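Participant: Just so you know, the protein sequences line up as chains Z and G, in that order. Mind the numbering: the first sequence is residues 1186 to 1540 in the working numbering, read in order. Mind the numbering: the second sequence is residues 1186 to 1540 in the working numbering, read in order. Glycine included, every Cβ here is placed at the ideal spot set by N, Cα and C. The structure presented is a predicted model; accordingly, all values stated were derived computationally and were not measured. For reference, the structure I am asking about is given below.
2 protein chains.
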Amino acid sequence: MKRVWLREVVSLKLSKEDIERVDREGLYKDYEAWPEQAESVLRVSIDLREVNVDKVVYCGMGGSGCAGDILQDLSFTRPKFPPLYVVKGYHLPSFADESTLVLTVSYSGDTEETISAFKEALEKRCKVVGFSSGGELEKICVENKVPHVKLGRALTPRSALPYILYSALSALERLGYELVSTTELSNTIALMRKLRETIGVASEPKDNEAKQIAHHLYNAYPIIYGPQEFRGVLTRFKNSLNENAKVHALVEILPEACHNDIEAWQPDAFSLRVLFAINGSDGRMRKRFDTLMELVERSGVEYRSIYVKEDTLFESIVKLLYLLEYTTLYLAVLRGVPPAPTPNIALLKKRLSGD
Amino acid sequence: MKRVWLREVVSLKLSKEDIERVDREGLYKDYEAWPEQAESVLRVSIDLREVNVDKVVYCGMGGSGCAGDILQDLSFTRPKFPPLYVVKGYHLPSFADESTLVLTVSYSGDTEETISAFKEALEKRCKVVGFSSGGELEKICVENKVPHVKLGRALTPRSALPYILYSALSALERLGYELVSTTELSNTIALMRKLRETIGVASEPKDNEAKQIAHHLYNAYPIIYGPQEFRGVLTRFKNSLNENAKVHALVEILPEACHNDIEAWQPDAFSLRVLFAINGSDGRMRKRFDTLMELVERSGVEYRSIYVKEDTLFESIVKLLYLLEYTTLYLAVLRGVPPAPTPNIALLKKRLSGD
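Encoded structure:
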């Protein structure tokens, strides 16, 4: 197969001025405020009482949904935590019943899939909690005497992730299903603050890992590999690559990718760039990553690795989350696309409303 | 961004001779025998007794794992079916306990992740069943007096899917957790037989949808869109594109993709080809598919759609599964790569064994 691939040299320095020129709406300011977003959630007391359930379902789409993926990754490691499902659609799984806790999360409050799932949860007499910054969901929570957690304001649902994630974690703790301790929650706020000094908009590319990764992923299709416990955070990265930087991206999770995707590394790979997110893996997982790197290299494709190993899984997740989120913002700037507007989603909503 | 993309004209007719020239190991013969594989499973009585559980976990990697994804899609629509999780890794979720049914499936019987999960399941006193064609898993089932279901022989785990899928479904029925009725199982065998006449190796490209889709996906990165209920079958398609045709592929599920991936359809999309798998969707889902098609078209990327709407979800799944599996075989032939050998996976196993 013949292919020609011309890589344009990017001269952009990703200075604050470069960023402000492309990010006209100032989405970057929301990201700069993530530690303060998280902190504000922890200062508010959430009025919820303990429940007794044997299943948890988290319903949310897009930016509101990805907190659920992260909760699921955390739940797998938490002793005796009930099965936690994430629903990204209109309907609850058939098992949902009166001993199921259903967290319905819609940042805007008007997501039609989540409103539909909320109504099903009421019909099935599940124990429901609503999370939104307002909208229809807040209204129907009040009407149905369902507890509602109010989320703080940001420019977009995706840039409001700490409001969503920390609110969900705090609510779960109040409901008797703690996934992460209060100390850990506070630790991650300090961690984000420290990280911001090096990956934030003011930091120079030579010291800024997020700016470097954005350059690495520029002008190619990103393929991201990581371990099972980073599935949620890497799915979130994919989503933000889609929405901020406007590129498709492929996430493959190890060890499963070693049974299928790995076989696609052939000499004719092209227009790809790879990112590995590696935790403090044990020997067998490390060998899998190493072999995959060897195969990528043989194919002539460039790759880069991020090693994350904090004291707890949640701290590792938050570190990776913040680093990769900044990366998507910088990639948008390199590509010259404003990260805040999502015109295709806007068009879809217009079509759905019958226009 | 400047990009040049030269599409090579494919003159291959995908005749039986073309297929045999590339598929030297004759993997296609396994696919031709899928109806008979399924039928042979239904003729064997599986010696299992009813159990009483409130969670089901399916453990399996690659070709052995994807039957679990399909079971999960089916379970969501089955009244009162307990939460069903699919584990593709070394460890069980923390919730696994004595009231959890754990199906451990390894076609070879020697998959290290599944063996690890099996041992955890014994420690946690779960109700375990093993499925393999032999190997270590059969051995440790016998040693630990765990019921074992023997799978029939095929060239590769992926080409043995009916052995795995129909055995798992039959076993679940014996265990008291029926997902698909016996009539439906029989219906799908007839359905595969009929389908084989048009999508099998002997059928001409002009009448053969699988050969046509392979031509459509040739020399590009496939992006596949489908609804939630086809998630398992489309993930399987991705895996077989990886293993048989040796290409990376991206699966995006609607409506979730409408909240993120959709935004990546920009005028600079390139080297992509899209496939939509559409069920008999209601109005809102159909509008989502239509808008996505409009955006793909605007980007100048070619797309093709498959419409599947059989009487039951399982019949739709089996139809799509068989059609897409043949597609991956034909795409391998077009690319001139033998579909049966998986040299990268073989290299990985060598590295893991310390070589």
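Report yes or no: do the region 1241-1248 of chain G and the region 1333-1351 of chain G share at least 3 C-beta pairs separated by less than 8 Å?
Facilitator: They touch, by the three-pair rule.
Participant: Taking the DSSP output, what are the residues bridged to His1333 (chain Z)?
Facilitator: Against the first sequence, residue 1333 (chain Z) aligns to sequence position 148. Paired residues: Z:Gly1315.
Participant: So that I know if they touch, is there some Cβ in chain Z lying closer than 7 Å to that of Gly1247 (chain G)?
Facilitator: Taking the second sequence and counting its residues from 1, one reaches residue 1247 (chain G) at position 62. Output row for Gly1247 (chain G): interface = yes.
Participant: Could you check whether the Cβ of Val1194 (chain Z) sits closer than 7 Å to any Cβ belonging to chain G?
Facilitator: Counted from its first residue, the first sequence places residue 1194 (chain Z) at position 9. Interpretation of Val1194 (chain Z) is limited by its pLDDT of 48, a score under 50 that renders its predicted location unreliable; no figure is taken from the coordinates.
Participant: Do we get a CB-CB distance below 7 Å when we pair Ser1230 (chain G) with the residues of chain Z?
Facilitator: Residue mapping note: residue 1230 (chain G) aligns to position 45 of the second sequence, counting from 1. Not an interface residue.
Participant: Ala1356 (chain G): which of G:Thr1497, G:Val1236, G:Gly1411 and G:Arg1421 sits nearest, CA to CA?
Facilitator: For the purposes of this step, residue 1356 (chain G) is taken as the residue at position 171 of the second sequence. Out of G:Thr1497, G:Val1236, G:Gly1411 and G:Arg1421, G:Val1236 has the C-alpha closest to the C-alpha of Ala1356 (chain G).
Participant: Any C-beta of chain Z within less than 7 Å: which residues of the region 1268-1300 of chain G qualify?
Facilitator: Listed by position, the residues of the region 1268-1300 of chain G near chain Z (Cβ gap below 7 Å) are Pro1268, Tyr1270, Lys1273, Gly1274, Pro1278, Ser1279, Phe1280 and Glu1298.
Participant: Please report the residue range of the beta strand (DSSP E) in which Ile1409 (chain Z) lies.
Facilitator: Within the first sequence, residue 1409 (chain Z) is the residue found at index 224, counting from 1. Residues Tyr1406 to Pro1412.
Participant: Starting from Ile1438 (chain Z), follow the alpha helix (DSSP H) in both directions and report where the run begins and ends.
Facilitator: As a working note, residue 1438 (chain Z) is residue 253 in the first sequence. Element bounds for Ile1438 (chain Z): not the alpha helix (DSSP H) but the beta strand (DSSP E), Leu1435 to Leu1439.
Participant: Note down the Cα distance separating Val1189 (chain G) from Ile1408 (chain G), rounded to an integer number of angstroms.
Facilitator: To locate residue 1189 (chain G), count along the second sequence from 1; it is residue 4. To locate residue 1408 (chain G), count along the second sequence from 1; it is residue 223. Model confidence at Val1189 (chain G) stands at a pLDDT of 39, short of 50, so the residue's coordinates are unreliable and nothing is read from them.
Participant: Could you spell out where the alpha helix (DSSP H) holding Arg1421 (chain Z) opens and where it closes?
Facilitator: Counting from 1 along the first sequence, the entry for residue 1421 (chain Z) is found at position 236. From DSSP, the alpha helix (DSSP H) with Arg1421 (chain Z) extends over Arg1416 to Ser1425.
Participant: In terms of DSSP beta bridges, what is Thr1289 (chain G) paired with?
Facilitator: On the second sequence, residue 1289 (chain G) is found 104 positions in, with the first residue counted as 1. Note: Thr1289 (chain G) sits in a beta bridge opposite G:Cys1244 and G:Gly1315.
Participant: Within the same chain, show all residues whose beta-carbon is closer than 7 Å to that of Val1271 (chain Z), passing over the 5 residues directly before and after it, in chain order.
Facilitator: Looking up residue 1271 (chain Z) in the first sequence gives position 86. Around Val1271 (chain Z): Tyr1243, Gly1250, Gly1253, Asp1254 and Gln1257.
Participant: Return the CA-CA distance between Gly1184 (chain Z) and Arg1359 (chain Z), expressed in angstroms with no decimal places.
Facilitator: Since the first and last residues shown for chain Z are 1186 and 1540, residue 1184 (chain Z) lies out of range.
Participant: Which chain G residues sit within Cβ distance under 9 Å of Glu1250 (chain Z)?
Facilitator: Sequence index remark: in the first sequence, residue 1250 (chain Z) carries index 65 (1-based). Note on identity: in this sequence residue 1250 (chain Z) is Gly, with Glu being the wrong assignment. Result: Glu1441 and His1444.
Participant: Are Tyr1213 (chain G) and Val1331 (chain G) close, meaning C-beta to C-beta below 7 Å?
Facilitator: The residue labelled residue 1213 (chain G) in the question sits at position 28 within the second sequence. The residue labelled residue 1331 (chain G) in the question sits at position 146 within the second sequence. Result no, Cβ atoms of Tyr1213 (chain G) and Val1331 (chain G) do not sit closer than 7 Å.
Participant: Measure the C-alpha to C-alpha separation of Pro1207 (chain Z) and Val1518 (chain Z) and round it to an integer number of angstroms.
Facilitator: Residue 1207 (chain Z) sits at position 22 when you count from the first residue of the first sequence. Residue 1518 (chain Z) sits at position 333 when you count from the first residue of the first sequence. Here residue 1207 (chain Z) is Val; the residue named in the question, Pro, does not match the sequence. Computed Cα separation, rounded: 6 Å.
Participant: Can you name the start and end residues of the beta strand (DSSP E) that Lys1460 (chain Z) belongs to?
Facilitator: Position 275 of the first sequence, counted from the start, is the residue given in the question as residue 1460 (chain Z). In the sequence under discussion, the amino acid at residue 1460 (chain Z) is Leu, which differs from the Lys named in the question. Unbroken beta strand (DSSP E) run through Leu1460 (chain Z): Leu1457 to Ile1463.
Participant: Which residues share a DSSP beta bridge with Glu1338 (chain Z)?
Facilitator: On the first sequence, residue 1338 (chain Z) is found 153 positions in, with the first residue counted as 1. Inspection of the sequence shows that residue 1338 (chain Z) is occupied by Arg rather than by Glu. Partner(s): none; Arg1338 (chain Z) has no beta bridge.
Participant: Which residues of chain G have a Cβ atom closer than 9 Å to the Cβ of Glu1510 (chain Z), listed in chain order?
Facilitator: Numbered from 1 along the first sequence, position 325 holds the residue referred to as residue 1510 (chain Z). The premise fails here: Glu1510 (chain Z) is roughly 13 Å from chain G at the closest Cβ pair, so nothing lies under 9 Å.
Participant: Could you round the C-beta distance between Glu1297 (chain Z) and Leu1277 (chain Z) to whole angstroms and report it? I think they count as a contact, below 8 Å.
Facilitator: Residue numbering aside, residue 1297 (chain Z) sits at position 112 when the first sequence is read from its first letter. Residue numbering aside, residue 1277 (chain Z) sits at position 92 when the first sequence is read from its first letter. With a Cβ gap of about 15 Å, Glu1297 (chain Z) and Leu1277 (chain Z) do not count as contacting.
Participant: Using 8 Å as the Cβ pair cut-off and three pairs as the minimum, do the region 1381-1401 of chain G and the region 1431-1438 of chain G touch?
Facilitator: With the cut-off at 8 Å, the region 1381-1401 of chain G and the region 1431-1438 of chain G do not touch.
Participant: What does a CB cutoff of less than 6 Å around Glu1210 (chain G) pick up in its chain, not counting 5 residues either side in sequence?
Facilitator: One-based indexing of the second sequence puts residue 1210 (chain G) at position 25. Ala1525.
Participant: Where do the ends of the beta strand (DSSP E) carrying Leu1364 (chain G) lie?
Facilitator: Your numbering for residue 1364 (chain G) matches position 179 in the second sequence. That residue, Leu1364 (chain G), is in no beta strand (DSSP E); it is neither H nor E in DSSP.
Participant: Could you tell me the alpha carbon to alpha carbon distance between Met1377 (chain G) and Glu1308 (chain Z), rounded to whole angstroms?
Facilitator: On the second sequence, position 192 is the one that residue 1377 (chain G) refers to. On the first sequence, position 123 is the one that residue 1308 (chain Z) refers to. Between Met1377 (chain G) and Glu1308 (chain Z), the C-alpha separation is close to 39 Å.
Participant: Please report how far the alpha carbon of Glu1321 (chain G) lies from the alpha carbon of Leu1346 (chain G), in whole angstroms.
Facilitator: Residue mapping note: residue 1321 (chain G) aligns to position 136 of the second sequence, counting from 1. Residue mapping note: residue 1346 (chain G) aligns to position 161 of the second sequence, counting from 1. About 20 Å.
Participant: Could you tell me the distance, in whole angstroms, from the CA atom of Ala1302 (chain Z) to the CA atom of Leu1233 (chain G)?
Facilitator: Here residue 1302 (chain Z) refers to the residue found at position 117 when the first sequence is read from its first residue. Here residue 1233 (chain G) refers to the residue found at position 48 when the second sequence is read from its first residue. Distance between the alpha carbons of Ala1302 (chain Z) and Leu1233 (chain G) is about 37 Å.
Participant: Identify every residue that forms a DSSP beta bridge with Ser1490 (chain G).
Facilitator: For the purposes of this step, residue 1490 (chain G) is taken as residue 305 along the second sequence, with counting starting at 1. Answer by DSSP bridge pairing, in chain order: G:Phe1461.
Participant: For my contact list, Phe1474 (chain Z) and Ile1491 (chain Z) are in at a C-beta cut-off of 8 Å; report their separation, rounded to the angstrom.
Facilitator: For this step, residue 1474 (chain Z) is matched to residue 289 along the first sequence. For this step, residue 1491 (chain Z) is matched to residue 306 along the first sequence. No, Phe1474 (chain Z) and Ile1491 (chain Z) are not in contact; Cβ-Cβ is about 12 Å, not under 8 Å.
Participant: Which residue or residues does DSSP assign as beta-bridge partners of Val1272 (chain Z)?
Facilitator: By 1-based counting over the first sequence, the position of residue 1272 (chain Z) is 87. Beta-bridge pairing links Val1272 (chain Z) to Z:Cys1244.
Participant: With respect to the alpha helix (DSSP H) encompassing Cys1326 (chain Z), which residues constitute its N-terminal and C-terminal limits?
Facilitator: Along the first sequence, read from residue 1 onward, the residue named residue 1326 (chain Z) stands at position 141. Note, Cys1326 (chain Z): alpha helix (DSSP H), Gly1320 to Glu1328.
Participant: Shortest alpha-carbon distance to Lys1240 (chain Z) belongs to which of G:Thr1262, G:Phe1266, G:Asp1467 and G:Trp1219?
Facilitator: Within the first sequence, numbered from 1, the residue matching residue 1240 (chain Z) stands at position 55. Measuring from the Cα of Lys1240 (chain Z), the nearest candidate turns out to be G:Phe1266.
Participant: Ile1408 (chain G) versus chain Z: which residues are under 8 Å apart at the beta carbon?
Facilitator: The residue labelled residue 1408 (chain G) in the question sits at position 223 within the second sequence. Under the 8 Å cutoff, chain Z gives His1433.
Participant: By Cβ distance below 8 Å, which residues in the same chain neighbour Val1194 (chain Z) in space, the five residues on each side in sequence not counted?
Facilitator: The residue given as residue 1194 (chain Z) occupies position 9 in the first sequence. With a pLDDT of 48 at Val1194 (chain Z), under the threshold of 50, the predicted position of this residue should be treated as unreliable, though the coordinate-derived value follows. No residues qualify anywhere along the chain.
Participant: At 7 Å on the CB atoms, spell out the chain G contacts of Thr1527 (chain Z), in chain order.
Facilitator: Stepping through the first sequence from its first residue, residue 1527 (chain Z) is reached at position 342. Those are Glu1448, listed as they occur along chain G.
Participant: Just checking my contact of Glu1217 (chain G) with Glu1448 (chain Z) at CB under 8 Å: how many whole Å lie between their CB atoms?
Facilitator: The sequence position of residue 1217 (chain G) within the second sequence is 32, counting from 1. The sequence position of residue 1448 (chain Z) within the first sequence is 263, counting from 1. About 22 Å; that fails the 8 Å criterion.
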